[in-house]
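**Q**
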Amino acid sequence: MKKVGIIGWRGMVGSVLIDRMRAENDFSKFDSYFYSTSQVGQAAPKEAQNDLLIDAYDLDSLADMDAIITCQGGDYTKKVFSDLRSKGWNGHWVDAASTLRMSEDSIIVLDPVNDTHIRESYNKGIKNFIGGNCTVSLMLMAVGSLFNEGLVEWVSSMTYQAASGAGAKNMKELLRQMEQIGQLASKMKDDSILDIDKSITSFMNSNEIEQELFGVPLGGSLIPWIDSKVDKGQTREEWKGISETNKIINSAVEIPIDGTCVRIGALRCHSQALTIKLNKNLPITEIEHLIKNSNEWVRFVPNEVEETKNLLTPTSVSGKLDIAVGRVRKMNIGENYLNVFTVGDQLLWGAAEPIRRALNFIINEKY
Ligand code: HSE
40 MKKVGIIGWR GMVGSVLIDR MRAENDFSKF DSYFYSTSQV GQAAPKEAQN
90 DLLIDAYDLD SLADMDAIIT CQGGDYTKKV FSDLRSKGWN GHWVDAASTL
140 RMSEDSIIVL DPVNDTHIRE SYNKGIKNFI GGNCTVSLML MAVGSLFNEG
190 LVEWVSSMTY QAASGAGAKN MKELLRQMEQ IGQLASKMKD DSILDIDKSI
240 TSFMNSNEIE QELFGVPLGG SLIPWIDSKV DKGQTREEWK GISETNKIIN
290 SAVEIPIDGT CVRIGALRCH SQALTIKLNK NLPITEIEHL IKNSNEWVRF
340 VPNEVEETKN LLTPTSVSGK LDIAVGRVRK MNIGENYLNV FTVGDQLLWG
390 AAEPIRRALN FIINEKY
């Protein structure tokens with residue numbers, strides 16, 4: 040059996056990954072060795088070959104693995120990856136962090152969209168298999184077939200990103216903000232709505248609302264900025280849209296993609312409103328057919344009020360592998376302009392699932 044080293048399995052993405060690996064019986068397919076950066080020597084999970092957690096900085100031990108899968112984050116990758124390769128380690132590195140995503144010797148994995156590219160890269164000897172940015176992966180899970188059919192001239196993607204993308208602690212801060220706002224509102228429930236609104240707005244603009252991590256209230260508001268500033272006024276999250284999408288689909292000519300990435304008060308589902316300029320005027324039925332058959336996880340939602348309210352929301356998609364896609368219609372702007380809204384779980388297809396499947400592929404050459 041091949042040996043797989045697992046690092047960062049206790050954090051939020053790592054825990055979702057381990058749950059999925061258990062659900063799919065992945066641990067029966069290889070020997071697992073569990074590592075830790077902070078709790079070396081403590082008991083390892085029941086699936087581990089090692090009784091006690093191994094030091095995640097022990098390069099000799101890591102170098103003995105056929106593959107390593109890590110959700111430990113970019114700082115860990117920066118610390119360990121090059122040293123391990125410099126030691127001559129030639130195994131497969133599977134990573135959820137962005138550190139290595141754009142390197143020439145890595146592939147961004149999203150097999151329902153770029154299986155052919157994954158197989159070609161694997162056969163060429165590419166050893167670094169990296170999960171994409173969550174919004175990018177979720178957009179491509181929804182409309183990847185339009186890209187793969189060569190139908191997309193450009194995309195504008197306006198995102199509605201959940202607190203989970205910022206981390207587990209941020210999710211708790213969002214809930215605490217909601218709780219504080221709710222407590223204030225409940226004390227005023229017999230007052231006029233304008234008085235309630237005035238008090239809540241004043242509270243949200245004060246330092247009394249918890250905001251240590253987001254810096255401002257997210258509950259009851261939104262933040263149209265995610266990650267650091269890069270060139271031309273874009274944020275890094277927005278830059279990833281164009282860079283990573285084109286890398287994933289292995290596009291010969293760069294397809295323009297841009298938009299505003301916005302943090303909203305959802306817990307773990309990212310939503311996106313897409314404007315897609317198609318390069319031909321296809322009938323809407325044909326477009327719908329392509330989207331519905333993109334992959335087995337797409338849940339196509341008819342462009343009707345009840346279906347949309349019930350099936351095309353973070354609430355309905357949370358915790359599921361489903362990629363909800365709806366509001367599909369031609370826009371008034373012109374026959375080649377398509378409107379699409381999509382929702383996906385940021386921790387599943389947005390993070391853990393592409394790398395779980397990449398590991399399976401590396402071990403067994405199937406997902
Ligand atoms: N950068 C994403 C976000 C999460 O902030 O929502 C990770 O892909």
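Residue 204 in this note's numbering sits at position 165 of the sequence shown, and the numbers go up by one each step. Ideal Cβ positions, reconstructed from N, Cα and C, are used throughout, including at glycine. Fair warning: this is a prediction, and the values are worked out from it, not measured in the lab.
Report whether the distance from the Cβ of R124 to the nearest heavy atom of ligand 1 is below 8 angstroms.
**A** Walking along the sequence shown from the start, residue 124 turns up at place 85. Because no heavy atom of ligand 1 lies under 8 angstroms away, the Cβ of R124 does not count as near it: no.
**Q** Determine the contact status of V194 and T284, defining contact as a CB-CB distance below 9 angstroms.
**A** Counted from its first residue, the sequence shown places residue 194 at position 155. Counted from its first residue, the sequence shown places residue 284 at position 245. Yes, they are a contact pair.
**Q** Buried or exposed for R158, going by 16 or more other Cβ atoms inside 10 Å?
**A** Start at 1 with the first residue of the sequence shown, and residue 158 comes out as number 119. Its Cβ having fewer than 16 others within 10 Å, R158 is exposed.
**Q** For R368, which option in A390, I330, K405 and V337 has the closest C-alpha, if you only look at C-alpha atoms?
**A** On the sequence shown, position 329 is the one that residue 368 refers to. Among A390, I330, K405 and V337, the Cα nearest to that of R368 belongs to I330.
**Q** Classify T324 as buried or exposed, calling it buried when 16 or more other Cβ atoms lie within 10 Å of its own Cβ.
**A** Start at 1 with the first residue of the sequence shown, and residue 324 comes out as number 285. Classification for T324: exposed.
**Q** Between the Cα of L223 and the Cα atoms of G204, M243, E212 and A207, which residue gives the shortest distance?
**A** On the sequence shown, residue 223 is found 184 positions in, with the first residue counted as 1. Checked all of G204, M243, E212 and A207; the closest Cα to L223 is M243.
**Q** Assuming A181 is part of the alpha helix (DSSP H), what are its boundary residues?
**A** On the sequence shown, residue 181 is found 142 positions in, with the first residue counted as 1. Where A181 is concerned, the enclosing alpha helix (DSSP H) stretches over C173 to N187.
**Q** Does the distance from the CB of G389 to the CB of L177 come in under 9 angstroms?
**A** For the purposes of this step, residue 389 is taken as the residue at position 350 of the sequence shown. For the purposes of this step, residue 177 is taken as the residue at position 138 of the sequence shown. Contact: yes.
**Q** Nearest by alpha-carbon distance to E277: which of Y199, T240 and A95 is it?
**A** Counting from 1 along the sequence shown, the entry for residue 277 is found at position 238. Minimum Cα distance to E277 is reached at Y199.
**Q** Quick check on the DSSP output: the alpha helix (DSSP H) that includes I107 runs from which residue to which?
**A** Within the sequence shown, numbered from 1, the residue matching residue 107 stands at position 68. Careful: I107 lies outside any alpha helix (DSSP H), inside the beta strand (DSSP E) at A106 to T109.
**Q** Tell me the DSSP secondary structure of I147 in three-state form.
**A** Taking the first residue of the sequence shown as position 1, residue 147 is located at position 108. Of the three classes helix, strand and coil, the one that applies to I147 here is strand, per DSSP.
**Q** For S77, which of helix, strand or coil comes out of DSSP?
**A** As a first step, residue 77 must be located in the sequence shown, where it is residue number 38. Coil.
**Q** Which class does Y27 belong to by DSSP, given the choice of helix, strand or coil?
**A** The shown model of the chain, from 40 to 406, leaves out residue 27, and the question about it has no answer.
**Q** From E335 to S241, what distance separates their C-alpha atoms?
**A** Taking the first residue of the sequence shown as 1, we reach residue 335 at position 296. Taking the first residue of the sequence shown as 1, we reach residue 241 at position 202. One C-alpha to the other measures close to 47 angstroms.
**Q** Could you check which residue in F339, L321 and I401 has the C-alpha nearest to that of N375?
**A** Counting from 1 along the sequence shown, the entry for residue 375 is found at position 336. Among F339, L321 and I401, the Cα nearest to that of N375 belongs to L321.
**Q** In chain order, what residues of the same chain have a beta carbon less than 7 angstroms from the beta carbon of A102, not counting five sequence neighbours either side?
**A** As a position in the sequence shown, residue 102 is number 63, starting the count at 1. Result list for A102: L123, K126 and W128, in chain order.
**Q** Run through DSSP, which three-state label would G254 get?
**A** Start at 1 with the first residue of the sequence shown, and residue 254 comes out as number 215. Correct three-state label for G254: coil.
**Q** What residue from K316, I288 and K68 has the CA that sits closest to N371's CA?
**A** For this step, residue 371 is matched to residue 332 along the sequence shown. Answer by Cα proximity: K316.
**Q** With distances taken Cα to Cα, identify the nearest neighbour of S54 among K405, N399, L386 and T116.
**A** The residue labelled residue 54 in the question sits at position 15 within the sequence shown. It is L386 whose Cα lies nearest to the Cα of S54.
**Q** Mind checking who Q200 pairs with in its DSSP beta bridge?
**A** For the purposes of this step, residue 200 is taken as residue 161 along the sequence shown, with counting starting at 1. R302.
**Q** Helix, strand or coil: how does DSSP classify Q311 here?
**A** If you number the sequence shown from 1, residue 311 lands on position 272. Looking at Q311 - three-state DSSP - the assignment turns out to be strand.
**Q** Could you tell me if L91 is buried or exposed, where buried requires 16 or more neighbouring beta carbons within 10 angstroms of its beta carbon?
**A** Working through the sequence shown from its first residue, we reach residue 91 at position 52. By the Cβ-count criterion, L91 is exposed, with fewer than 16 other Cβ atoms from all chains shown falling within 10 Å of its own Cβ.
**Q** Reducing DSSP to helix, strand and coil, say where I296 ends up.
**A** Position 257 of the sequence shown, counting from 1, holds the residue named residue 296. DSSP places I296 in strand when its eight states are reduced to three.
**Q** Compute the distance between the beta-carbons of V337 and L351, then report whether it is under 9 angstroms.
**A** Residue mapping note: residue 337 aligns to position 298 of the sequence shown, counting from 1. Residue mapping note: residue 351 aligns to position 312 of the sequence shown, counting from 1. Cβ distance not < 9 angstroms, so V337 and L351 don't count as in contact.
**Q** Quick one: Cα of L190 to Cα of I326, how far?
**A** Counting from one through the sequence shown, the residue named residue 190 turns up at place 151. Counting from one through the sequence shown, the residue named residue 326 turns up at place 287. Rounded to whole angstroms, L190 to I326 spans 10 angstroms at the Cα level.
**Q** Using the Cα positions of D154 and I147, report the straight-line distance between them to the nearest angstrom.
**A** Counting from one through the sequence shown, the residue named residue 154 turns up at place 115. Counting from one through the sequence shown, the residue named residue 147 turns up at place 108. Answer to the nearest angstrom: the Cα atoms are 11 angstroms apart.
**Q** Looking at C-alpha atoms only, which residue of D58, V43, K41 and D361 is the closest neighbour of R49?
**A** Position 10 of the sequence shown, counted from the first residue, corresponds to residue 49. The residue with the shortest Cα to Cα distance from R49 is D58.
**Q** Can you determine whether any heavy atom of ligand 1 sits closer than 8 angstroms to the C-beta of H328, and answer yes or no?
**A** Looking up residue 328 in the sequence shown gives position 289. No, the beta carbon of H328 sits no closer than 8 angstroms to any heavy atom of ligand 1.
**Q** Mapping the DSSP letters down to three states, classify R368 as helix, strand or coil.
**A** Taking the first residue of the sequence shown as position 1, residue 368 is located at position 329. Residue state, collapsed to three classes: strand.
**Q** Let me make sure I understand the geometry here. Which of S121, N187, D234 and V301 has the alpha-carbon closest to that of S290?
**A** Here residue 290 refers to the residue found at position 251 of the sequence shown. Nearest option by C-alpha distance: N187.
**Q** For V269, which of helix, strand or coil comes out of DSSP?
**A** If you number the sequence shown from 1, residue 269 lands on position 230. Correct three-state label for V269: coil.
**Q** Shortest alpha-carbon distance to A136 belongs to which of N403, P295, A87 and I46?
**A** Translated into positions along the sequence shown, residue 136 becomes position 97. Comparing alpha-carbon positions, the option among N403, P295, A87 and I46 lying closest to A136 turns out to be I46.
**Q** Excluding the 5 residues flanking A82 on each side, which residues of the same chain have their C-beta closer than 8 angstroms to its C-beta?
**A** Within the sequence shown, residue 82 is the residue found at index 43, counting from 1. So the qualifying residues of the chain are D90, L91 and L92.
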